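Going line by line, the protein sequences match chains A and X. Just so you know, the working numbering puts 391 at position 391 of the first sequence, and the rest follows in order with no gaps. Basically the working numbering = 1-based index in the second sequence + 434. C-beta atoms are modelled at their ideal positions from N, C-alpha and C, and glycine is treated no differently. Here the structure is a predicted model, which means the values were calculated and not measured. Read the structure below first, then the notes.
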Amino acid sequence: MPNLFTLVLQIAVILAVCRIAGTLFRKIHQPRVVGEMFAGILLGPSLLGWVAPQWSSYLFPVSSLGSLNALSQLGVVIFMFLVGLGINPKQLKSHGHAAVLTSHVSITAPFVLAAFLSLYLYPKLSDDSVAFASFALFMGASMSITAFPVLARILSERDLLGSRLGTLAIACAAVDDVTGWCILAYIVVLIRAAGSATPLWITIAGIILFALVMIYGVRRLLRRFEKVYRERGELSENLMALILLLVLISALCTERLGIHLLFGSFLMGAIMPKEARFVRYVLDRFETIAVTLLLPLFFAFTGLRTNIGLVQGREMWLYCGLIVLVATVGKLGGSTLASWLTNMPLREAAGLGTLMNTRGLMELVILNIGLDIKVISPALFSMMVMMALITTFMTTPVLELICPDRLIRSATENAPEEVAVPQFDLKATHGSAA
Amino acid sequence: MSAKNRRFLIAYVSLVVLPVAGLLGVLKSGRTLMAPSSVGGVWKLRINPAQLTAMPCGRSLASTPEPVMTISQSGQRFTLEFADGPRATASGLIEGATLSASLRPLQPWSNESGCGNDRVLTMAGTVDPAAVPRTVAGTLSVSDCPSCTPVEFHAVREARPGSKGGY
């Protein structure tokens with residue numbers, strides 16, 4: 001039985017610290033989400049547990065973390081639905097070769113570099129319960145992800161969503177996320193199948209069947225939601241509850257199939273109708289509770305699992321530096337090179353590379369899965385969380401430095417018409433209000 | 435094929451197809467790499483309580499019939515803590531199948547008679563990677579105590595909780 005007082009106290013403290021940190025980070029022109037990620041670290045063993053261990057064990061006793069985790073995971077399930085909802089395959093089509101090459105290179109470059117780095121890190125930061133292939137593939141997937149929502153938020157704040165750079169970045173990030181999640185699903189299946197009585201082929205066949213049913217069956221039913229919205233201008237509470245129920249059922253199906261809850265909610269979002277006003281309406285209904293209340297709990301839970309104290313000594317900090325370097329060179333360098341080769345001016349291409357290097361919350365979601373399935377160790381988890389923070393933090397200042405807004409706008413003069421990208425404000429968390 | 439399409443194809447092959455081929459090579463060559471033995475998880479220790487009580491800093495540990503320790507491993511390094519037992523800061527190293535750890539007792543454990551603040555318990559053992567569940571056999575000894583006889587221990591790792599549902 002969870003201690004209700006402790007749980008409510010935890011939520012209150014987390015909300016307060018996240019709001020304060022988010023507001024302070026807004027003052028230095030960072031997305032609020034970066035501040036909230038940082039707040040999570042502050043509440044964990046890296047700071048609170050280190051300077052005030054008594055307070056830390058009073059506020060976050062080990063026995064209470066189950067309830068906190070459950071709530072935070074519910075938030076991530078809804079969040080992943082919103083991420084899937086924000087992804088529109090039509091965005092990619094309008095950019096042709098540039099989007100295809102840039103998005104694919106922005107995945108393969110960090111992925112392959114991470115695999116090479118794994119040759120060095122595996123004997124030092126892993127153990128023999130993890131196969132090298134699982135380790136290397138996980139490192140690749142986690143380094144090739146782009147934080148679609150944070151990226152959309154940065155572009156939105158700078159009024160660049162309609163620019164050529166903005167639409168291309170959104171399209172590439174969408175492809176990256178879908179691909180990254182598919183690769184991650186494969187890794188999770190491989191690892192879980194090793195300890196399961198169900199043969200691997202049955203698991204894979206089940207997942208493919210589920211995806212086909214969702215794409216060709218459930219998707220048609222979902223169009224009715226959009227039809228009702230078009231006719232009435234709103235959805236009733238019952239219909240909103242039905243959407244939430246479908247998200248949860250889809251999440252449960254993928255969990256039962258041996259991948260993860262989050263894949264189901266992401267897929268449900270991805271197959272929802274993509275009419276811009278309908279997407280905006282559904283986002284507005286869900287994001288307040290998910291983003292204001294539940295996601296800060298996820299940041300705090302991640303922070304409680306992040307122990308920077310495990311990164312001890314020059315050697316460990318060298319590994320950490322290498323991870324940040326490889327992630328940045330692979331993502332920023334790869335995206336820049338690819339878009340430059342498709343005739344984008346160099347500075348604009350570097351701007352796109354910088355945007356693609358934003359990992360944010362999506363990285364934390366993936367890293368938590370990796371730690372849960374024990375494919376990464378606690379020290380490596382902490383290093384990767386630092387990498388996620390650094391690469392997300394550096395986006396805004398580096399973008400302003402190498403590719404100022406005026407340059408992007410002048411490059412957009414002859415750009416195609418604006419694509420109906422849901423702005424994915426996540427206004428409660430990432431919004432400019434604070 | 436137009437010049438634009440040809441350039442795209444060349445770029446795609448060199449920046450996507452070839453690196454993916456390289457990735458397959460990396461995955462193949464990585465199979466031969468050896469990572470340290472896995473020792474992470476919950477372990478049950480079997481130690482002779484009489485011998486343990488006679489050892490400085492050992493009495494608290496002996497009060498539990500089968501002390502349980504939790505190891506959190508990151509590659510060659512690990513941290514260790516006892517559940518419901520004496521509090522200590524403990525960290526260790528695993529090289530090959532050899533495990534070594536230092537436990538520095540914290541209060542109130544260090545208040546035990548003969549323990550003191552500067553004592554360090556040393557755990558040295560050998561992992562049996564073939565055993566299912568995995569086992570470690572070794573000795574516990576105390577620093578600055580030439581007359582203290584090292585105490586032998588045998589530890590068995592509890593089945594690691596499956597990742598399914600553990601999320």
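Test: residue 508 (chain X) CB closer than 8 angstroms to a CB of chain A: Reading the second sequence from its first residue, position 74 is the one you call residue 508 (chain X). Yes, because at least one Cβ of chain A sits closer than 8 angstroms to the Cβ of residue 508 (chain X).
Nearest-angstrom beta carbon gap, residue 332 (chain A) and residue 357 (chain A) [assumed within contact, 8 angstroms]: By one-based count along the first sequence, residue 357 (chain A) stands at place 357. By one-based count along the first sequence, residue 332 (chain A) stands at place 332. Yes, residue 357 (chain A) and residue 332 (chain A) are in contact; Cβ-Cβ is about 4 angstroms, under 8 angstroms.
Within 9 angstroms of chain X by C-beta, residues of the region 117-141 of chain A in sequence order: Residues 118, 119, 121, 122, 123, 124, 125, 126, 127, 128, 129, 130, 131, 132, 133, 135, 136, 137, 140.
Cβ-based burial, residue 62 (chain A) [other Cβ within 10 Å; buried from 16]: Here residue 62 (chain A) refers to the residue found at position 62 of the first sequence. Under the 10 Å beta carbon count, residue 62 (chain A) is surrounded by fewer than 16 other beta carbons and is classified as exposed.
Residue-chain proximity (residue 557 (chain X), chain A), Cβ-Cβ < 8 angstroms: Counting from 1 along the second sequence, the entry for residue 557 (chain X) is found at position 123. Not a single CB atom of chain A sits nearer than 8 angstroms to the CB of residue 557 (chain X).
Inter-stretch contact at 8 angstroms, needing at least 3 Cβ pairs: the region 307-315 of chain A / the region 381-395 of chain A: Short answer: they touch.
Local conformation of residue 506 (chain X) per DSSP, three classes: Here residue 506 (chain X) corresponds to residue number 72 of the second sequence, with the count starting at 1. In the structure shown, residue 506 (chain X) sits in a strand (DSSP, three-state: E or B).
Selected residue, minimal CA-CA separation from residue 457 (chain X), among A:84, A:20, A:114: Locating residue 457 (chain X) in the second sequence gives position 23, where the first residue counts as 1. Closest by alpha carbon: A:114.
The region 460-483 of chain X: positions lying closer than 8 angstroms to chain A by Cβ: Listed in sequence order: 460, 461, 463, 464, 465, 467, 468, 469, 470, 471, 472, 473, 474.
Euclidean distance between Cα positions of residue 549 (chain X) and residue 207 (chain A): Here residue 549 (chain X) is taken as the residue at index 115 of the second sequence, counted from 1. Here residue 207 (chain A) is taken as the residue at index 207 of the first sequence, counted from 1. When rounded, the distance between both Cα atoms is 58 angstroms.
Pair within 8 angstroms by beta-carbon distance, residue 229 (chain A) and residue 235 (chain A): For the purposes of this step, residue 229 (chain A) is identified with residue 229 of the first sequence, where counting begins at 1. For the purposes of this step, residue 235 (chain A) is identified with residue 235 of the first sequence, where counting begins at 1. Taking a C-beta distance under 8 angstroms as the contact criterion, residue 229 (chain A) and residue 235 (chain A) qualify as a contact pair.
Three or more C-beta pairs below 8 angstroms linking the region 150-169 of chain A and the region 475-493 of chain X: Taking a contact to require three or more Cβ pairs closer than 8 angstroms, the region 150-169 of chain A and the region 475-493 of chain X do not qualify as touching.
Under 8 angstroms between C-beta atoms of residue 31 (chain A) and residue 145 (chain A): Looking up residue 31 (chain A) in the first sequence gives position 31. Looking up residue 145 (chain A) in the first sequence gives position 145. Not closer than 8 angstroms, so no.
As assigned by DSSP and simplified to three states, the class of residue 432 (chain A): On the first sequence, position 432 is the one that residue 432 (chain A) refers to. Note that residue 432 (chain A) scores 34 on pLDDT, short of 50, meaning its location in the model is unreliable and no value can be drawn from it.
For residue 282 (chain A), the nearest candidate out of A:244, A:298, A:303 (CA to CA): For this step, residue 282 (chain A) is matched to residue 282 along the first sequence. Nearest option by C-alpha distance: A:244.
beta-carbon residue 277 (chain A) near the ligand FMN non-hydrogen atom, thresh 7 angstroms: In the structure shown, the ligand FMN is absent, as is every other ligand, since no ligand is present at all.
Supposed contact pair residue 304 (chain A) and residue 60 (chain A) - C-beta distance, whole angstroms, cut 8 angstroms: If you number the first sequence from 1, residue 60 (chain A) lands on position 60. If you number the first sequence from 1, residue 304 (chain A) lands on position 304. Correct: roughly 6 angstroms between the Cβ atoms.
Identity of the residues DSSP links to residue 176 (chain A) by a beta bridge: Indexing the first sequence from 1 puts residue 176 (chain A) at position 176. Partner(s): none; residue 176 (chain A) has no beta bridge.
Bridge partners - residue 476 (chain X), DSSP secondary structure assignment: For the purposes of this step, residue 476 (chain X) is taken as residue 42 along the second sequence, with counting starting at 1. X:504, per the DSSP bridge assignment.
At least three beta-carbon pairs within less than 8 angstroms, the region 261-274 of chain A to the region 1-16 of chain A: No, the region 261-274 of chain A is not in contact with the region 1-16 of chain A.
is_contact[residue 104 (chain A), chain X] using C-beta, thresh 8 angstroms: Numbered from its first residue, the first sequence carries residue 104 (chain A) at position 104. Answer yes: the Cβ-Cβ gap between residue 104 (chain A) and chain X drops below 8 angstroms somewhere.
Element boundaries [alpha helix (DSSP H), containing residue 393 (chain A)]: The residue you call residue 393 (chain A) lines up with position 393 of the first sequence. Start and end: 378-402.
Validate contact between the region 65-75 of chain A and the region 312-329 of chain A using beta carbons, cut 8 angstroms, 3 pairs: With the cut-off at 8 angstroms, the region 65-75 of chain A and the region 312-329 of chain A do not touch.
Selected residue, minimal CA-CA separation from residue 15 (chain A), among A:298, A:313, A:363: Here the question's residue 15 (chain A) lines up with position 15 in the first sequence. The candidate whose alpha carbon is nearest that of residue 15 (chain A) is A:298.
Beta-carbon proximity check, residue 491 (chain X) vs residue 555 (chain X), cutoff 8 angstroms: As a first step, residue 491 (chain X) must be located in the second sequence, where it is residue number 57. As a first step, residue 555 (chain X) must be located in the second sequence, where it is residue number 121. For residue 491 (chain X) and residue 555 (chain X), yes; Cβs fall inside 8 angstroms.
Buried versus exposed call for residue 241 (chain A) [16 or more other C-beta atoms within 10 Å across all chains shown]: Looking up residue 241 (chain A) in the first sequence gives position 241. An exposed status is given to residue 241 (chain A), since fewer than 16 other beta-carbon atoms sit within 10 Å of its beta-carbon.
Under the three-state DSSP convention, the category residue 575 (chain X) falls into: Here residue 575 (chain X) refers to the residue found at position 141 when the second sequence is read from its first residue. DSSP places residue 575 (chain X) in strand when its eight states are reduced to three.
Buried versus exposed call for residue 439 (chain X) [16 or more other C-beta atoms within 10 Å across all chains shown]: In the second sequence, counting from the first residue as 1, residue 439 (chain X) sits at position 5. Counting Cβ neighbours within 10 Å, residue 439 (chain X) comes out exposed, since fewer than 16 surround it.
Residues, ordered as in the chain, of the region 365-384 of chain A that lie near chain X by beta-carbon distance below 8 angstroms: Listed in chain order, the positions of the region 365-384 of chain A with a beta carbon within less than 8 angstroms of a beta carbon of chain X are 369, 372, 373, 374, 377, 378, 379, 380.
First through last residue of the beta strand (DSSP E) which encompasses residue 556 (chain X): Here the question's residue 556 (chain X) lines up with position 122 in the second sequence. Here the beta strand (DSSP E) through residue 556 (chain X) covers 555-562.
Cβ-Cβ separation, residue 591 (chain X) to residue 475 (chain X) (assumed contact under 8 angstroms), whole Å: Within the second sequence, the letter at position 41 stands for residue 475 (chain X). Within the second sequence, the letter at position 157 stands for residue 591 (chain X). The distance from the Cβ of residue 475 (chain X) to that of residue 591 (chain X) is about 5 angstroms, consistent with a contact at the 8 angstroms cut-off.
Whole-angstrom distance between residue 293 (chain A) and residue 226 (chain A), CA atom to CA atom: Within the first sequence, the letter at position 226 stands for residue 226 (chain A). Within the first sequence, the letter at position 293 stands for residue 293 (chain A). Those two C-alpha atoms are separated by around 27 angstroms.
Status (buried if at least 16 other CB within 10 Å, exposed otherwise) for residue 323 (chain A): Your numbering for residue 323 (chain A) matches position 323 in the first sequence. Residue 323 (chain A) is classed as buried because its beta carbon has at least 16 other beta carbons within 10 Å across all chains shown.
Any chain X beta carbon closer than 8 angstroms to residue 178 (chain A): In the first sequence, counting from the first residue as 1, residue 178 (chain A) sits at position 178. It does not; no Cβ of chain X falls within 8 angstroms.
Cutoff 8 angstroms: residue 566 (chain X) Cβ touching any chain A Cβ: Within the second sequence, numbered from 1, the residue matching residue 566 (chain X) stands at position 132. Contact of residue 566 (chain X) with chain A is not assigned, every C-beta pair being separated by 8 angstroms or more.
Closer than 8 angstroms to chain A by CB, residue 492 (chain X): Counted from its first residue, the second sequence places residue 492 (chain X) at position 58. Nearest CB-CB separation between residue 492 (chain X) and chain A: not below the 8 angstroms threshold.
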